[in-house]
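Contents: one structure, followed by commentary.
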Amino acid sequence: MSNPHQITIEPVAGRVLVTYADKTIADSTRALALKEGAMATAYYLPREDVVMAAMDRGERSTHCPFKGDASYFRLSVGDRVIDDVAWSYEDPRAEVAAIKDHLSFDRDKVGAIVVQ
Numbered sequence: 001m002s003n004p005h006q007i008t009i010e011p012v013a014g015r016v017l018v019t020y021a022d023k024t025i026a027d028s029t030r031a032l033a034l035k036e037g038a039m040a041t042a043y044y045l046p047r048e049d050v051v052m053a054a055m056d057r058g059e060r061s062t063h064c065p066f067k068g069d070a071s072y073f074r075l076s077v078g079d080r081v082i083d084d085v086a087w088s089y090e091d092p093r094a095e096v097a098a099i100k101d102h103l104s105f106d107r108d109k110v111g112a113i114v115v116q
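So the sequence shown is numbered by full-length UniProt numbering: it starts at 1 and just counts up by one.
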């Protein structure tokens, strides 16, 4: 029986673009695709490719036994603030060390995550 939480991390061959309200929030050709069991692929983008000036660390944090502790971020665009729009594993488990200093966005809270 295969591990339902098996995690694979691979570089994305193209570009990953994250938008909200027609504004680019992140644009990367260095994104990583993280696949965990049957869950949807999560795209992790280096912080250098995210408009961090629009992001603030939120109060929420969660723990994943397979990845570690996640810190959440809120996005400010104009007069709108979107809580928990992205998360980051700042000190991930060794098995997923590649996602350190990357952010992944909640696809239900951003306008679009496009892989080109």
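Note that beta-carbon positions come from the ideal geometry of N, C-alpha and C, so glycine has one too.
Residues in the same chain with beta-carbon distance under 8 Å from residue 69, minus the five sequence neighbours each way, listed in chain order, please. Counting only residues of its own chain and dropping the five nearest sequence neighbours on each side, residue 69 has a CB closer than 8 Å to the CB of 61, 62, 63, 89, 90 and 91.
Identify the continuous beta strand (DSSP E) that holds residue 59 and give its terminal residues. 55 to 64
Since I believe residue 48 is in contact with residue 32 (beta carbons under 8 Å), could you give me their beta-carbon distance rounded to a whole number of angstroms? Not really, about 13 Å apart at Cβ, beyond 8 Å.
Tell me the rounded alpha-carbon separation between residue 46 and residue 85. Distance between the alpha carbons of residue 46 and residue 85 is about 16 Å.
Three-way DSSP call (helix, strand, coil) for residue 85 in this model: strand
Distance between beta carbons of residue 74 and residue 56, contact taken as under 8 Å: 5 Å
Are there 16 or more other CB atoms within 10 angstroms of the CB of residue 38, so buried, or fewer, so exposed? Its Cβ having fewer than 16 others within 10 Å, residue 38 is exposed.
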